[in-house]
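Asker: Convert by adding 13 to the 1-based position in the sequence shown; the result is the number in the numbering used here.
Handing you a structure now.
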Amino acid sequence: MYNSNHNPASETTRLNPGKPMAINLTSYTVCHPQELYLDNLVIQYHNKFTSKESQACFLIENLDGGSWWSYVTHEFAEILTHLKQLSIESNITYLPFPEQNKLTLQTNLKKYFLNACNIDTTLPKEKQRPIIILLWDINRLLWHRMRRQWEDLLSTTRTRLIVFVDDLHFTSKVMFTSRQFIFQSVATEILATYPYLFQNYYTDISPSKIIWVPHAASTLTNRTINETAKNVLFVSGASMRDWYPCRAHGFDVCRKRKDLASCLKHPGYGPTMMTSNSYYYGGERYFSYMRKYVFGLGTCVSVHYAIAKLFEIPANGLVLVTTDDMVPILKSLHLNQDEHFLTINCSSISSLKNEITRIQNMSKENLTQIRQKSQEIVYQRHLTKHRAELIHVRLLSQALLATPAPAEGNIQWEQWGRNCR
């Protein structure tokens, strides 16, 4: 979650420290991939943009996966490269950011994006092609210090900015100011892994502006059930007690009770993830390692983040073990308590020991059913390719919204991929 040696307390990284967090699940849905009707939308797009010359210009940050390949699960890198493949299959050109390392606070944003799209900078706005930008690294720059640049870009071009954000918390006032500005004043749409918590971190952002793009399981997972797995709890990740109190208890149990839990330390971020043999990290090795166990712990109870482990663990054939705060969130994602995952009381080391013993004594038949059913749901709904399809739908919808159309067309495109109740 952080790269620094000092990690701030979780409560200090949101708007109202000390107050209970508000969770808004009623404003967001995640459609089944079949409900995206991607082929239909692609047809509408090509009917609107009948030639290559008239098509919108799509600029995607980290289109080749970028530095996200160094992350353990390859999740974001896979989503972005799946997105690139979808554009090819749809006969639509997605372009990477040009010379991305040269995008600085001094960059002329208008020239940067118009030149990237090969659009004449002297053309009036009404004669320009739409530009749809997907900004993936929200922390790349202090965007509020480029306020005039953004205002000039938005007022003189047909640009729509889609922003992706994972962790919502901020660790400094300047980080908050930068994010608040880009969310409130620049972004047309926000893709968020935890939209149900947005109001706890940023102000005056309508839920209608936010799309729920949950975490997902990568293609590195193995769609089988290890019938000879050890009947213990697998605990992995960063051991930061304030942020992951249940996980910290899990690491404590590991040190004393090998019959209850087995732990895998976090190797750090960046290239070390791909080379740390001692910790079995680096993409496929991580998923292969966890399959040695029946149960896997996935929870972030301090801030109620539905972290990637909630999908990676069941995708790999383990029983997901989490905490009660995740029950309504997972239910919104079609994963139900006791059918697709188990919950435990993790308030202390002692309670965790008792809970592990309890689930260890469940019938093997019951546990196998949970493993099979949860794996099936994840493979139906929660893979990286499914997230790429949703983002592809929203990019095309924004391109269509950037062109003149009857009101009913705009309403349809605004809701495409998000209204599937």
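For glycine and all other residues, C-beta sits at the position ideal for the given N, C-alpha and C.
1) Can you give me the start and stop residues for the beta strand (DSSP E) that Cys259 sits inside?
2) For Thr184 and Gln197, I'd like the C-alpha separation in whole angstroms.
3) Where does Glu102 land, buried or exposed, given buried means 16+ other C-beta within 10 angstroms?
4) On the three-state DSSP scale, how would you describe Thr135?
5) Does the separation of the CB atoms of Lys115 and Leu413 fall below 8 angstroms?
6) Shortest alpha-carbon distance to Gly78 belongs to which of Thr86, Ala69, Leu93 and Leu127?
7) Should Leu147 and Phe177 be called a contact, given that it needs their Cβ atoms to be closer than 8 angstroms?
8) Should the segment 48-68 be regarded as contacting the segment 126-136, the criterion being three or more beta carbon pairs within less than 8 angstroms?
9) Measure the alpha-carbon distance for Ala242 versus Glu368 and round it to whole angstroms.
10) Does Gln98 pass the burial test, meaning 16 or more other C-beta atoms within 10 Å, or should it be called exposed?
11) Using the Cβ count rule (16 or more neighbours within 10 Å means buried), how would you classify Asp265?
12) Verify whether the separation of the beta carbon atoms of Cys267 and Ala261 is less than 8 angstroms.
13) Need the endpoints of the alpha helix (DSSP H) that Ala274 sits in, please.
14) Assuming Gly330 contacts Thr237 (C-beta within less than 8 angstroms), just tell me the rounded distance between them.
15) From Glu112 to Leu204, what does the alpha carbon distance come to, in whole angstroms?
16) So, helix, strand or coil for Leu355, using DSSP?
17) Within a Cβ cutoff of 7 angstroms, which residues of the same chain sit near Trp429, ignoring the five residues on either side of it in sequence?
18) Ignoring anything shorter than 4 residues, give me the alpha helix (DSSP H) runs that lie fully in the segment 366-408, in order along the chain.
19) Taking the DSSP output, what are the residues bridged to Leu155?
Answerer: The relevant details are as follows:
1) It is not in any beta strand (DSSP E) - Cys259 instead sits in the alpha helix (DSSP H) that spans Pro258 to Lys269.
2) Taking the straight line joining both Cα atoms gives about 19 angstroms.
3) exposed
4) coil
5) Not a contact, by the Cβ cut-off of 8 angstroms.
6) That would be Leu93, whose Cα lies nearest to the Cα of Gly78.
7) yes
8) no
9) 19 angstroms
10) exposed
11) buried
12) no
13) Not the alpha helix (DSSP H): Ala274 falls in the beta strand (DSSP E), residues Ala274 to Lys278.
14) Approximately 6 angstroms separates the beta-carbon atoms of Gly330 and Thr237; this is inside 8 angstroms, confirming the contact.
15) 24 angstroms
16) Leu355 falls in the strand class under three-state DSSP.
17) Leu54, Val406 and Ser410
18) 377-394
19) Answer is none; Leu155 lacks a bridge partner.
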